[in-house]
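These notes are about the structure you will find just below.
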Amino acid sequence: MDQIVLYKGFRIRAYEEWSGLWLAEAKRPFGGRPGTSNHGDTDAEYIATPSGHPTSDAAIDFIKQMIDSPITMR
Numbered sequence: 014m015d016q017i018v019l020y021k022g023f024r025i026r027a028y029e030e031w032s033g034l035w036l037a038e039a040k041r042p043f044g045g046r047p048g049t050s051n052h053g054d055t056d057a058e059y060i061a062t063p064s065g066h067p068t069s070d071a072a073i074d075f076i077k078q079m080i081d082s083p084i085t086m087r
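The working numbering numbers the first residue of the sequence shown as 14 and each following residue consecutively.
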């Protein structure tokens with residue numbers, strides 16, 4: 014079952030892959046552009062784990078570390 018966590022404006026979703034390992038992805042919606050319809054997933058920052066983790070918590074923790082890294086935060 015997927016696990017969803019909110020963290021510093023990101024929505025992190027952990028999900029189990031067919032192999033039994035856990036992956037995670039994070040999205041932070043951008044505000045809508047003037048003159049365009051408001052689709053939350055159209056304009057978003059996106060981060061994903063590069064490989065599987067043994068638990069959903071481990072995958073989420075990895076994403077949190079990526080969010081907190083100086084390169085990710087502008």
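Note that beta-carbon positions come from the ideal geometry of N, C-alpha and C, so glycine has one too.
Quickly, what does DSSP pair residue i with across the bridge? List them, please.
i: residue 60; result: 39
What separation, rounded to the nearest whole angstrom, lies between the Cα atoms of residue i and residue j?
i: residue 42; j: residue 17; result: 15 Å
i: residue 54; j: residue 82; result: Residue placement at residue 54 cannot be trusted, given a pLDDT of 48 that sits under 50; what the coordinates show is reported in the next sentence. Rounded to whole angstroms, residue 54 to residue 82 spans 23 Å at the Cα level.
i: residue 29; j: residue 21; result: 23 Å
i: residue 34; j: residue 58; result: 24 Å
Which residue marks the beginning of the beta strand (DSSP E) containing residue i, and which one marks its end?
i: residue 80; result: That residue, residue 80, is in no beta strand (DSSP E); its alpha helix (DSSP H) goes 69-81.
i: residue 84; result: Unbroken run through residue 84: none, as it is neither H nor E.
i: residue 19; result: 16-20
i: residue 30; result: Segment: none, residue 30 is in no beta strand (DSSP E) and carries neither H nor E.
If residue i and residue j are in contact, beta carbons under 8 Å, what's the gap, nearest whole angstrom?
i: residue 37; j: residue 72; result: 4 Å
i: residue 15; j: residue 26; result: 6 Å
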